[in-house]
Amino acid sequence: MSEMSEMSEVITLHEHLRELDEELATLISRICELSILIRRELPHRLGKAGTVNISGEQQTKIDVWANDVFIDGLLSTGLIHQLASEESEDIVEYEEGTGAFNITLDPLDGSSNIESNNLFGVICGIYDASTPLPARGRKLKAALTILYGPLTTMMYTAKRGVHEFVKGRKHNLEDVYYLVNEHLQIPSPGKVYGVPSNREMWLPEFRHFIALLEREHYGLRYGGSFIGDTNQVLHKGGFFAYPAYLDRPHGKLRLQFECNPMSLIVEEAGGKSSVGMGSVLDVEPTSLHQRVPLYIGNVELIDQMETLFAKCRDARLYY
Ligand code: AHM
Ligand code: MG
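Just so we're aligned, residue 0 is where the sequence shown starts under numbering that gives the first Met the number 0, counting upward by one.
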C-alpha cells in the first residue's frame with residue numbers, strides 16, 4: 000500500500016455505505032466487523048469439529064464457531080427477521096414484526112481449504128423482511144462476499160454496481176476496509192476458467208464447451224474456493240462452473256447460500272449466471288439447502304454455453 004493511499008483521500012467502506020439506507024449500511028458494516036473478529040481467531044481454532052452439517056459435510060471447529068458468532072452478532076443488531084445459514088438446518092426467526100432484513104449466510108465457504116492455507120471466505124445475501132426465505136435470487140436487495148486470502152477483501156452490491164474493498168493493516172487504516180475498485184466490471188474477452196475435476200462424470204456438452212475454451216487459450220485456474228475462483232473471473236474475465244454431473248445432476252453449490260448472492264455480484268459486474276438454461280437468479284427455490292448447477296462468467300461465454308446446452312435433448316433435466 001502506498002503512503003498516498005494511507006492519506007485522507009482513501010474512501011472507507013463506512014463512507015461508501017453512506018449511499019445506502021442507514022439500516023442496510025449498518026448491517027453490512029456489522030458483517031464486516033464480525034468477519035474481522037473471525038479472521039483473527041483462525042490460527043487458534045484449527046482442526047475438525049467431528050460433526051457434519053445438514054448437507055452431510057464435515058465441519059471444522061472454526062465453521063461451528065464462526066456460525067455462532069455470526070448468528071449472535073447479527074441477531075443482536077435488531078435488524079434481522081429471518082436468518083438462514085448453510086451450517087444450520089433451520090431458519091432462525093426473530094420475533095414477528097421486528098427486523099428489516101432476511102439474510103442468508105455461508106459463514107466460511109471453502110473451509111476445507113483452511114488445512115492447506117488456501118482461499119475461503121464469507122458469502123451473504125440480504126433480502127427485505129417481506130421476502131420469506133428461501134427466496135428467488137432476483138429478490139435480493141444486496142449481496143456481499145469476504146475473501147480471506149493474502150489480503151482480506153470485501154465485495155458488495157446493493158444493485159448499483161459492485162464495489163471492492165481491502166482491509167488495511169496499519170496506521171489509520173488498521174482493520175478498516177477501504178475502496179480499491181468502484182463499479183467493478185468483468186473484463187472482456189476473458190482469460191481464465193475454473194471447473195472442478197471428475198471429468199468422466201461431466202455431461203458431454205459441458206466437456207465440449209470446456210474444450211472450446213481450451214482451444215481459445217483460456218487458462219485453467221481452480222482453487223476449490225468459490226469466492227476465490229469467482230474473484231479471478233471478476234478480475235480477469237472468463238468462466239467458472241460447479242456443473243451438473245452425470246451422477247450428481249444438481250452439482251454441489253447451494254442456491255440460497257452460495258449461488259444466489261454470487262450470481263447477483265457477477266450479473267451486477269456485467270456478467271451472466273446460469274443453471275444450464277436461464278439465470279440462477281430466476282430459479283424458484285424448493286428447499287432451503289437445495290443445490291443447483293452453477294455457471295458464471297462473461298455474457299458471451301454463458302450465451303455460447305447455453306446455446307450448446309439447448310441443443311441437447313435433456314437440457315431441462317439439469318436442474
Ligand atoms: P463448502 O460450503 O462446504 O465449503 O463447499 C463449497 C466449496 C466451494 O467454495 C467450492 O467451489 C467447492 O466447495 C469446491 O468443491 P470441490 O472440493 O468438489 O472442488
Ligand atoms: Mg459453502
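Every residue, glycine too, gets a C-beta built ideally from N, C-alpha and C.
When Gly72, Ala210, Pro42, Glu283 are compared, the shortest CA-CA separation from Thr59 is found for Pro42. The beta carbon of Leu212 is closer than 7 Å to those of Tyr192, Phe238 in its chain, skipping five residues each way along the sequence.
Straight-line spacing of the CA atoms in Gly223 and Pro195 works out to 7 Å.
In this structure, Pro195 has its CB closer than 7 Å to one or more heavy atoms of the ligand AHM. Contact between Arg137 and Asp281 holds, since their C-beta atoms are separated by about 6 Å, short of 8 Å.
By the C-beta density criterion, Asn259 is buried, having at least 16 other C-beta atoms within 10 angstroms. Contact holds between the stretch 70-81 and the stretch 26-42, because three or more Cβ pairs, one in each stretch, are under 8 Å apart. Pairing Arg253 with Met261, the inter-Cα distance amounts to about 11 Å. Rounded to whole angstroms, the Cβ separation of Ile122 and Ile30 is 11 Å, and the two are not in contact under 8 Å. Listed in chain order, the beta strand (DSSP E) runs fully inside the stretch 2-82 are 47-51, 57-59, counting runs of at least 3 residues.
With fewer than 16 other Cβ atoms inside 10 Å of its own Cβ, Ile10 counts as exposed. In terms of side-chain proximity, the C-beta atom of Tyr294 is found no nearer than 7 Å to any non-hydrogen atom of the ligand AHM. Your pair Gly269 and Val232 does not check out as a contact, with CB atoms roughly 12 Å apart and the cut at 8 Å. The beta carbon of Tyr93 sits closer than 7 Å to those of Leu74, Ile79, His80, all from its chain and outside the five residues before and after it, given in chain order. A straight-line Cα-Cα distance of about 42 Å links Glu283 and Arg168.
Residue environment: Thr156 is assigned as buried (16 or more neighbouring CB atoms within 10 Å of its CB, all protein chains considered). Distances from the CB of Leu178 to the heavy atoms of the ligand AHM are all 7 Å or more.
A straight line joining the alpha-carbon of Glu204 with that of Leu307 spans about 7 Å. The ligand AHM has no heavy atom closer than 7 Å to the beta-carbon of Glu22. Judged by DSSP in its simplified three-state form, Arg247 adopts strand.
In the displayed model, Glu92 falls within a strand according to three-state DSSP. Annotated three-state conformation of Ala240 is strand, per DSSP. Per DSSP, the continuous beta strand (DSSP E) segment holding Pro106 begins and ends at 100-108.
Relative to the non-hydrogen atoms of the ligand MG, the Cβ of Phe256 comes within a distance shorter than 7 Å of at least one. If you check the C-beta of Leu252 against the ligand AHM, you find a heavy atom less than 7 Å away.
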